[in-house]
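This report concerns only the one structure given below.
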Amino acid sequence: MFETGIEGHYALVDGKKLRYGYTTGTCAAAAAKGAALLLLTGRAPAAVQIHTPKGIDLTLPMEEAKREGNAARCAVRKFSGDDPDVTDGALIVATASVSAAPGVHVDGGEGVGRVTKPGLKVPVGEAAINPGPRSMIERAVQEALEETEPVLGLDVVISVPEGAALAQKTFNPRLGILGGISILGTSGIVEPMSEEALIDSIRLEIRQRKALGETRLILAPGNYGTDFLRDTLGVSEDRIVKISNYVGRALDAAAEAGFAEVLLAGHIGKLVKLSGGIMNTHSREGDGRAELMAAWALKAGADGDTARSILACVTTDEMLCILREKGLLAPAMELMAQGIDLYVNARVKGLLTVGVLVFSDGSGPLCATAAAKRWVETSLKAKEKEL
1069 MFETGIEGHY ALVDGKKLRY GYTTGTCAAA AAKGAALLLL TGRAPAAVQI
1119 HTPKGIDLTL PMEEAKREGN AARCAVRKFS GDDPDVTDGA LIVATASVSA
1169 APGVHVDGGE GVGRVTKPGL KVPVGEAAIN PGPRSMIERA VQEALEETEP
1219 VLGLDVVISV PEGAALAQKT FNPRLGILGG ISILGTSGIV EPMSEEALID
1269 SIRLEIRQRK ALGETRLILA PGNYGTDFLR DTLGVSEDRI VKISNYVGRA
1319 LDAAAEAGFA EVLLAGHIGK LVKLSGGIMN THSREGDGRA ELMAAWALKA
1369 GADGDTARSI LACVTTDEML CILREKGLLA PAMELMAQGI DLYVNARVKG
1419 LLTVGVLVFS DGSGPLCATA AAKRWVETSL KAKEKEL
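Residue numbers for the sequence shown follow the working numbering, so the first one is 1069 and each next one is one higher.
This is how it looks when you write it as C-alpha cells:
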C-alpha cells in the first residue's frame, strides 16, 4: 500500500481514534505540481511531495498523468480519513500550460464553483478557491519550476469532474457559489469531526448575510426551527442560518459581523438549556433539561412531587404534559424565557439585541423573550396587511 504520510495521524473523538485526511486544497496543490512537472520535463511523476500548513509532509500519488497538446493534466484522489466529508474519494484535477504572463495563475474549471454573492473570502466572479489553498497551489507549482527549466509563467486550472453534483450536498448553493464545490482547507489536513470547521462555515454564512445587506440575522439550530419560522412567521428558508448546537459561537459571530439584531427560534429540547447558560446545546456539553424545567416549575409554584415527576421524565414533551396538567405551563415558560433572555444578553454584552422563540412539536409556540415578542407582533401585523 502506498504510504502518503498521513498514516499515524489521528484525532481522539469520544474515546475513538479517527484518521486524519487531506483537503481538496492539498489535492489541488499536489495535482498542480504534478502537472507542472509533467509539462516542463515530459516525465509523468508517480507521486509528488507537498508540505501542508499543518506541518505534515505528504507524498501523494498521481491517479492520472497525461499530456494534452500544449498542456499537462494530473489528478489526485481526495482522502478525508474518518471525517464524513462529501468530497471523500473525489478526483481533483489540475491542468497546467505555459503562460505569456509572468507568475503562476490559478483558476477553476469544471466542477469548481464560481462566487456570485459578496461576503466570502473570494471576490464575486472568481473561482471558489480559498486563499489558503490558492497559496498552496502557487507554492507547489513554484517548487516544480525550481526543479525544471524556467518559463515566464504557468496557467493552472483546477477541476473536479464530480463537483457540480457534490456541491448540491454542501452549503455552496446557499452561499451563492454556483456550478461546483469549493477548494478548501486552511491547514491542508482534514481533522475528523472538526467542530471548528462547522463553526467556520456558520461564521462564513453569517458574514455573507451581512454583506447582502440584511439588518436582522435569523438563526435556527436545524430543520425544526426553520420549519417553525417559515410556517409561523413566513420567513423564507434562504434567510435562515442553521447553527446546529453552536448558539453561543453563532451569537459571537453575529456581533463580529456587525449585526444589531438577531432572532433565534428552536425546539425546547435544545433551547431550554439556554435558560441555564448552556450555550452549546449538544448533550455531551451539558444536558440539564429536566433539572432546568423542574427549577422553572418550582419557581412558578410547583410542589416537590411535581418537580420530582419532571426530573423522572426522558423527553421535554413529557415535562410539558406535566406542567400543563398542573396548570403551570404558561408561568413556567414565561420564567424560562426570562432566564434565556438573561443569559443570551450576558453572552453578547450589549453589542446586539437578541430575541428567542421557543416551541415544541406537540404544543406549538411556548414562549418568547421580550425582543422576540416585539418582532413577532410586527411580523404578524405585516402579514395581516398583505392579506
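Quick reminder that beta carbons are idealized off the backbone N, C-alpha and C, glycines included.
Legend entry - Nearest-angstrom Cα separation, counted from glutamate 1194 out to leucine 1188: Approximately 11 Å, taken between the alpha carbons.
Legend entry - Nearest-angstrom Cα separation, counted from glutamate 1075 out to leucine 1128: Distance from the CA atom of leucine 1128 to the CA atom of glutamate 1075, rounded to whole angstroms, is 12 Å.
Inset, instruction - Assign arginine 1352 to one of three DSSP states: helix, strand, or coil. - result: Under the three-state reduction of DSSP, arginine 1352 is assigned to coil, being neither helix nor strand.
Inset, instruction - To the nearest angstrom, report how far apart serine 1269 and glycine 1432 are at their CA atoms. - result: Going by the C-alpha atoms only, they are around 30 Å apart.
Inset, instruction - Determine the direct distance from the alpha carbon of glycine 1123 to that of valine 1258, and round the result to whole angstroms. - result: CA-to-CA, the gap between valine 1258 and glycine 1123 works out to about 13 Å.
Legend entry - Whole-Å CB distance - threonine 1120 paired with threonine 1094, under 8 Å assumed: That pair is a contact at about 6 Å.
Legend entry - isoleucine 1074 (DSSP reduced to helix, strand or coil): In the three-state scheme derived from DSSP, where H, G and I count as helix and E and B as strand, isoleucine 1074 is classed as coil.
Inset, instruction - Tell me where the alpha helix (DSSP H) around alanine 1278 begins and ends. - result: It should be pointed out that residue 1278 corresponds to lysine in this sequence rather than to alanine. Counting along the chain, the alpha helix (DSSP H) containing lysine 1278 begins and ends at 1263-1279.
Legend entry - Secondary structure, alpha helix (DSSP H): runs of 4+ residues fully inside the region 1235-1262: You should have 1240-1243.
Legend entry - Cβ neighbour criterion (16 or more within 10 Å) applied to glycine 1407: With 16 or more Cβ atoms within 10 Å of its Cβ, glycine 1407 is classed as buried.
Legend entry - Counted within 10 angstroms of its Cβ, other Cβ atoms place glycine 1395 as buried (16 or more) or exposed: Its Cβ having fewer than 16 others within 10 Å, glycine 1395 is exposed.
Inset, instruction - With a 10 Å radius around its C-beta and 16 neighbouring C-beta atoms as the bar for buried, classify asparagine 1138 as buried or exposed. - result: Asparagine 1138 is classed as exposed because its beta carbon has fewer than 16 other beta carbons within 10 Å across all chains shown.
Legend entry - Within 9 Å, strictly: CB atoms of cysteine 1142 and alanine 1162: For cysteine 1142 and alanine 1162, yes; Cβs fall inside 9 Å.
Inset, instruction - Might you give, ordered along the chain, the residues of its own chain that have their beta carbon closer than 7 Å to the beta carbon of arginine 1145, omitting 5 neighbours on each side? - result: For arginine 1145, where only same-chain residues beyond five positions count, the Cβ hits under 7 Å are Glu1131, Gly1157 and Leu1159.
Legend entry - Distance between arginine 1415 and alanine 1318 (C-alpha atoms, nearest Å): Going by the C-alpha atoms only, they are around 11 Å apart.
Inset, instruction - Could you give the DSSP three-state label for arginine 1111: helix, strand or coil? - result: Arginine 1111 sits in coil when the DSSP states are folded into three classes, being neither helix nor strand.
Inset, instruction - List the residues that DSSP assigns as beta-bridge partners of proline 1433. - result: Answer is Phe1427.
Inset, instruction - Could you tell me whether the region 1355-1367 touches the region 1310-1324, where touching means 3 or more Cβ pairs closer than 8 Å? - result: The region 1355-1367 vs the region 1310-1324: no contact.
Inset, instruction - List the DSSP bridge partners of proline 1129. - result: DSSP output for proline 1129 lists Ala1115 as bridge partner(s).
Inset, instruction - Have a look at the DSSP bridge pairing and note the partners of alanine 1140. - result: DSSP lists Arg1135 and Ala1164 as the bridge partner or partners of alanine 1140.
Legend entry - Exposed unless 16 or more other CB atoms sit within 10 angstroms - verdict on lysine 1085: Of the other Cβ atoms in all chains shown, fewer than 16 fall within 10 Å of the Cβ of lysine 1085; this residue is therefore exposed.
Legend entry - Separation of leucine 1332 from arginine 1307, as counted between CA atoms: Straight through space, the alpha carbons of leucine 1332 and arginine 1307 are spaced by roughly 12 Å.
Inset, instruction - Classify glycine 1221 as helix, strand or coil using the three-state DSSP reduction. - result: In this structure, glycine 1221 counts as strand in the three-state DSSP scheme.
Inset, instruction - Classify leucine 1331 as helix, strand or coil using the three-state DSSP reduction. - result: Looking at leucine 1331 - three-state DSSP - the assignment turns out to be strand.
Legend entry - Simplified DSSP assignment, three categories, for valine 1209: Of the three classes helix, strand and coil, the one that applies to valine 1209 here is helix, per DSSP.
Inset, instruction - Please go through the same chain and pick out, in chain order, the residues whose beta-carbon is closer than 7 Å to the beta-carbon of leucine 1397, but skip the five residues on each side of it. - result: Excluding residues within five positions, the ones whose Cβ falls inside 7 Å are Leu1388 and Leu1391.
Legend entry - Endpoints, the alpha helix (DSSP H) within which arginine 1298 is located: DSSP places arginine 1298 inside the alpha helix (DSSP H), whose first and last residues are 1291-1301.
Legend entry - Within 9 Å, strictly: CB atoms of glycine 1149 and asparagine 1198: For glycine 1149 and asparagine 1198, no; Cβs fall outside 9 Å.
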